[in-house]
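For reference, the structure is listed below as structure tokens.
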Amino acid sequence: VDGDWSNNFRLEHDCTSQPYCTARIFRRGDVDLDYETLSSSKRVSFTVRVEDNGPGTKFNLCAVDIVVVNFNEVPLLIEDKGVLSIDENSLPGSMVQGGPITASDVDDNSLTFIIVGGSGANSFYFANSYTYKGQAGYFTTDVLLKPGVELNFESNAAALTLDIFCKDEEGLVSATKTYPNLLGSIN
668 VDGDWSNNFR
678 LEHDCTSQPY
688 CTARIFRRGD
698 VDLDYETLSS
708 SKRVSFTVRV
718 EDNGPGTKFN
728 LCAVDIVVVN
738 FNEVPLLIED
748 KGVLSIDENS
758 LPGSMVQGGP
768 ITASDVDDNS
778 LTFIIVGGSG
788 ANSFYFANSY
798 TYKGQAGYFT
808 TDVLLKPGVE
818 LNFESNAAAL
828 TLDIFCKDEE
838 GLVSATKTYP
848 NLLGSIN
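For the sequence shown, our numbering assigns the number 668 to the initial residue and increments by one for each residue that follows.
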């Protein structure tokens, strides 16, 4: 009769098994009960009125309190705003331009960034592979050139790629994204 009821749930009852009726509460199919976006109580509360159909219409009220429990959700790599790039003959530890690599995690877990493949996998590493949420609310890391790697535009004319995913502290893994890394000629 009141509370977060009609938009979020539906009630089905069965009175065929006399002398008692049973009722079940179902979440409506299009309702999102997301722990992170609920009010601070993390509950949905409402009151159900039960009445008979006899003379005098007797009724009773029942308070229902549904506690929404959090579960760990998969982190997400964010689309970058451009293409990663680095000039040939860059010094080891040089930062790749066009970054950083950015991810989000609604559960605020710490994230680990991992290069899992691509033609440039053996040439680059992350400045911070294990990151905490930054001031803007996202996790970020820069891509750096590995020591001992010499990039030459003429011999690496094809764009290098990096296949990257991130993993949260509970082991959930984002989808893998391929980032193109264009090698610039300085000759």
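Don't be surprised by glycine CBs; every beta carbon is placed ideally from N, CA and C.
Quantities reported herein were computed from a predicted structural model and do not represent experimental measurements.
Two segments are said to touch when three or more pairs of C-beta atoms, one from each, lie closer than 8 Å; by this definition the region 739-754 touches the region 773-792.
The beta carbon of E837 sits closer than 7 Å to those of N739, N776, all from its chain and outside the five residues before and after it, given in chain order. For S852, no beta strand (DSSP E) encloses it, and the DSSP letter there is neither H nor E. Residue burial is scored here from C-beta neighbours: P767 has at least 16 other C-beta atoms within 10 angstroms and is therefore classed as buried. Within its own chain, the residues whose Cβ lies closer than 6 Å to the Cβ of E703, once the five positions on either side in sequence are excluded, are V773, listed in chain order. In this structure, the straight-line span from the alpha carbon of A788 to that of L705 is close to 41 Å. With a cutoff of 7 Å on beta-carbon distance, D835 and L751 are scored as not near each other. Around the CB of V763, 16 or more other CB atoms lie within 10 Å, so the residue is classed as buried. For N848, the closest C-alpha among the options I781, T828, A842 is that of T828. According to the DSSP assignment, L728 belongs to the beta strand (DSSP E) that extends over 726-734. The closest CA to that of L812, considering only I782, Y805, Y687, is found on I782. By the neighbour-count definition (other C-beta atoms within 10 Å, threshold 16), Y846 is a buried residue. Remark: C-beta atoms of L700 and R716 do not approach each other more closely than 7 Å. Boundaries cannot be given for T683, as no beta strand (DSSP E) includes it and DSSP labels it neither H nor E. CA-CA distance, A842 to I692, rounds to 35 Å.
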